[in-house]
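In this note's numbering, the protein residues as written are 4 to 493.
Structure representation (structure tokens):
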């Protein structure tokens, strides 16, 4: 192989090129981390104008390509680690997760078959076993790493659907959908993630299959309304295929009453899937683990590690209580998961995944658990929940601010009601708060969420960053007030 060959390999020229590009990229990241701004403040139009693709027929070389990436991507990237970047469930990442990415990218293992990812396959299996223990499931390895919550939720709903039809003696996998599909329903709360509707549409059953259950004043599924709607469905001749409970709604961080839902579902043989993409982090909590009471009773669970586990995107998992349900999606491909391999006990994870080629994202979580230990991991997870409670108390004391609801996880919903906003008109208040959020991002100084909760447009702080303090948030809230005072009412 000549030194000009661009492929990463064991040749001396390739290794030297690799060291150079990693060093150049790392140095650029270090410089970017040291900038004080959260965002350079360029608009959509400015970025469209600024960014141009220039593919030289002869190539620019690695160094120039990296320099252009720094100029056009890195410099205009959002600093998710910044203490005033609190709009979304978008976390800063652990340093060791960055190190894991180097190993994942360089080795380029593919998780579909053991002969493409030997050690990686075993590590993922053992990590799934460990995650099941944290949930409270029986020993086993029924689970798989995924790209995130939407994919995990799709797996939960798909297996719930296929298990429902299997109980009627029908194989979806072999024969497809049959019967009056409009009679088959999925229940979830009004505050459940939009991926429930999205996935039901993908599965050919449409948004119409989703019945929304009312929520209580804490944004949790109302068990009384669930009971009534289950009875109503039965009276209408409808079948409830699954109940999707949420452990950590996107805005309020609400956790549905998991134990009560599981008990009700068991009485009627209904699959329960829990979307714990956010709240699943409490599996490691020392202070708030009891919030997940009843999780061990449900049929399947979504976990996301690129939220409050502080992993780089993407990193999620799907856990299945009963391993036999994976048979509902198994497909035998001689070149990936042959019968011979199965007889020899060779684990080929493609049987448990919607993806074929798949990254070894499990390495990030494994290295993080080893580096931090459970105690330190628990501390940085609990920090966000505790900080949200402190921020809510502080907001309640500010005359110009109004707390919309008490926090449950690491988010705070509030709105601005001070000067120059002398109006009781809810539409004007809503628009003004939207403009505050827009102005903060445009200035490049802060990224505060704007959302709607129970018909109230409000601002949202999502406090995932374990380095952020109450003093940081006080500064941010002062900036919210200062920005409001500079905005015209109309």
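Note that CB positions come from ideal geometry on N, CA and C, so glycine has one too. Everything numeric in this text was worked out from a predicted model, so none of it was measured.
Could you give the C-beta distance for residue i and residue j, rounded to a whole number, given that I count them as a contact under 8 Å?
i: residue 104; j: residue 360; result: 17 Å between Cβ atoms; not a contact.
i: residue 406; j: residue 251; result: Incorrect: roughly 19 Å between the Cβ atoms, too far for contact.
i: residue 274; j: residue 163; result: 4 Å
i: residue 69; j: residue 27; result: 5 Å
i: residue 448; j: residue 482; result: 6 Å
i: residue 264; j: residue 229; result: 7 Å
i: residue 278; j: residue 195; result: 7 Å
i: residue 319; j: residue 150; result: 6 Å
i: residue 401; j: residue 480; result: 7 Å
If you draw a straight line from the alpha carbon of residue i to that of residue j, how long is it in whole angstroms?
i: residue 350; j: residue 235; result: 45 Å
i: residue 218; j: residue 241; result: 22 Å
i: residue 283; j: residue 59; result: 47 Å
i: residue 328; j: residue 309; result: 27 Å
i: residue 188; j: residue 321; result: 22 Å
i: residue 9; j: residue 19; result: 11 Å
i: residue 324; j: residue 21; result: 43 Å
i: residue 288; j: residue 131; result: 18 Å
i: residue 383; j: residue 469; result: 5 Å
i: residue 377; j: residue 99; result: 15 Å
i: residue 472; j: residue 397; result: 13 Å
i: residue 79; j: residue 43; result: 6 Å
i: residue 67; j: residue 380; result: 39 Å
i: residue 65; j: residue 56; result: 15 Å
i: residue 4; j: residue 146; result: Any reading at residue 4 is ruled out, since the residue's pLDDT is 35, under 50, leaving its predicted position unreliable.
i: residue 500; j: residue 302; result: With the chain covering 4 to 493 only, the question about residue 500 has no answer from this structure.
i: residue 231; j: residue 269; result: 16 Å
i: residue 456; j: residue 326; result: 38 Å
i: residue 109; j: residue 71; result: 22 Å
i: residue 93; j: residue 491; result: 31 Å
i: residue 30; j: residue 191; result: 47 Å
i: residue 356; j: residue 133; result: 19 Å
i: residue 210; j: residue 95; result: 34 Å
i: residue 222; j: residue 119; result: 45 Å
i: residue 441; j: residue 484; result: 14 Å
i: residue 89; j: residue 39; result: 16 Å
i: residue 138; j: residue 299; result: 6 Å
i: residue 15; j: residue 317; result: 32 Å
Who pairs with residue i in a beta bridge, going by DSSP?
i: residue 417; result: 406, 462
i: residue 450; result: 88
What does the Cβ neighbour count give for residue i, buried or exposed, with the cut at 16 atoms within 10 Å?
i: residue 334; result: exposed
i: residue 178; result: exposed
i: residue 249; result: buried
i: residue 124; result: buried
i: residue 197; result: exposed
i: residue 32; result: exposed
i: residue 167; result: buried
i: residue 280; result: buried
i: residue 186; result: exposed
i: residue 261; result: buried
i: residue 348; result: exposed
i: residue 343; result: exposed
i: residue 246; result: buried
i: residue 156; result: buried
i: residue 410; result: buried
i: residue 35; result: exposed
With distances taken Cα to Cα, identify the nearest neighbour of residue i among the options.
i: residue 136; options: 161, 12, 402, 304; result: 304
i: residue 454; options: 447, 462, 448; result: 462
i: residue 276; options: 306, 256, 270, 291; result: 306
i: residue 200; options: 160, 169, 387; result: 160
i: residue 311; options: 343, 80, 326, 388; result: 388
i: residue 373; options: 102, 332, 46, 176; result: 102
i: residue 414; options: 255, 42, 298, 233; result: 255
i: residue 75; options: 157, 88, 50; result: 50
i: residue 203; options: 220, 180, 298; result: 180
i: residue 87; options: 148, 488, 446, 294; result: 446
i: residue 128; options: 313, 158, 363, 216; result: 363
i: residue 391; options: 227, 38, 466; result: 466
i: residue 370; options: 126, 47, 12, 114; result: 126
i: residue 422; options: 487, 169, 272; result: 487
Is residue i near the ligand ADP - that is, is its Cβ less than 8 Å away from at least one heavy atom of it?
i: residue 159; result: For the ligand ADP, the structure offers nothing, since it holds no ligand at all.
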